[in-house]
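Residue numbers (my numbering): 2 to 49.
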């Protein structure tokens, strides 16, 4: 069985991270005083 790679992305203002839905992902609880915005969507590219 192949070794699974683990990536950690450090949050920063203005950062947008896009990845395939089949990647296992999670977040840690947000404890800051500012707002945290999370947006989830499915994107289906058109073949043109």
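We put the CB at the ideal spot given by N, CA and C, even for glycine.
- When the Cα atoms are used, residue 27 and residue 39 turn out to be separated by approximately 12 Å.
- The C-alpha of residue 20 lies about 24 Å from the C-alpha of residue 32.
- Exclusion of the five residues before and after residue 47 leaves no residue of its chain whose Cβ lies closer than 8 Å to its Cβ.
- Cβ-Cβ distances below 7 Å link residue 13 to nothing in the same chain once the five nearest sequence neighbours on each side are left out.
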